[in-house]
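Chemist: One structure follows; several queries about it will come next.
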Amino acid sequence: MYAIAGHKLTTGAALLALAACTTPAPPAPEPAPVPGPPAGPTSGCPVIESRNWHAWIDRMPGPDATPTLNISGEVDLPTPGYTTILRAGPADRMMPPGLRFRLETGAPQGIVTQVVTPTEVSYRQPTPHDRIREIMIRCGDRTLATIPDVMITE
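Numbering (mature numbering (1 follows the signal peptide of the UniProt record, and there is no 0)) for the sequence shown: -19 to -1, 1 to 135.
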């Protein structure tokens, strides 16, 4: 019986030694990231997508009629509530000229739903130009659209 008890003692000591040599369990994997709204561009411009840009000069006749430049388009912004404005920039020196516009945006205040939101953009101002070769619309350091050969309506 002594041999069996000694054998049990040796086995127990061996198991204790093996238990001390085990490596700790690996850390739990990091949870998968929760999908959020699509990442916008990093150019300082929140516009995700841009489309349907049109421009025309309205030269309708009549008393006190003034040629008016009209621009319209649509942009996708990361949330509802953004304000947008097209600001006229410089004209190049070609004839007819090309005009540059900058889209400025203002983020909404407070908590808003994180959902991509199509937003209309428009511009309507008198213009001294009889014809316009092209209009380039920029936002941040990106060109959103180039509208060639601006139409004239009479």
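Where a beta carbon is used, it is the ideal one built from N, C-alpha and C, also for glycine.
Note that the structure is a prediction, hence the values are computed from the model and not measured.
1. Near P71, which residues of its chain fall below 7 Å by C-beta distance, leaving aside the five closest residues on each side in sequence?
2. Cβ of G43 versus every heavy atom of the ligand COA: is any distance shorter than 7 Å?
3. What are the boundary residues of the beta strand (DSSP E) that D57 is part of?
4. Short check: CB of Q106 to CB of T49, under 8 Å?
5. Could you please give the first and the last residue of the uninterrupted beta strand (DSSP E) stretch that includes V28?
6. Which residues does DSSP pair with V102 in a beta bridge?
7. Return the chain-ordered list of same chain residues with a C-beta closer than 8 Å to the C-beta of V131, the five sequence neighbours on each side being excluded.
8. At the level of alpha carbons, what is the spacing between R119 and P42?
9. Does the Cβ of V28 have 16 or more other Cβ atoms within 10 Å, making it buried, or fewer, making it exposed?
10. Classify I52 as buried or exposed, calling it buried when 16 or more other Cβ atoms lie within 10 Å of its own Cβ.
11. Quick check: what's the CA-CA separation for T134 versus M76?
12. From the DSSP output, in three-state form, read off I66 for me.
13. Name, in chain order, the residues that DSSP records as bridge partners for P77.
14. With H, G and I counted as helix, E and B as strand and the rest as coil, what does DSSP make of T86?
Modeler: In this structure, then:
1. R81
2. In the structure shown, the ligand COA is absent, as is every other ligand, since no ligand is present at all.
3. T49 to L58
4. yes
5. It is not in any beta strand (DSSP E) - V28 carries neither H nor E in the DSSP assignment.
6. G54
7. A36, W37, I38, L50, R112, I113, R114, E115 and I116
8. 32 Å
9. buried
10. buried
11. 19 Å
12. strand
13. DSSP output for P77 lists no bridge partner at all.
14. strand
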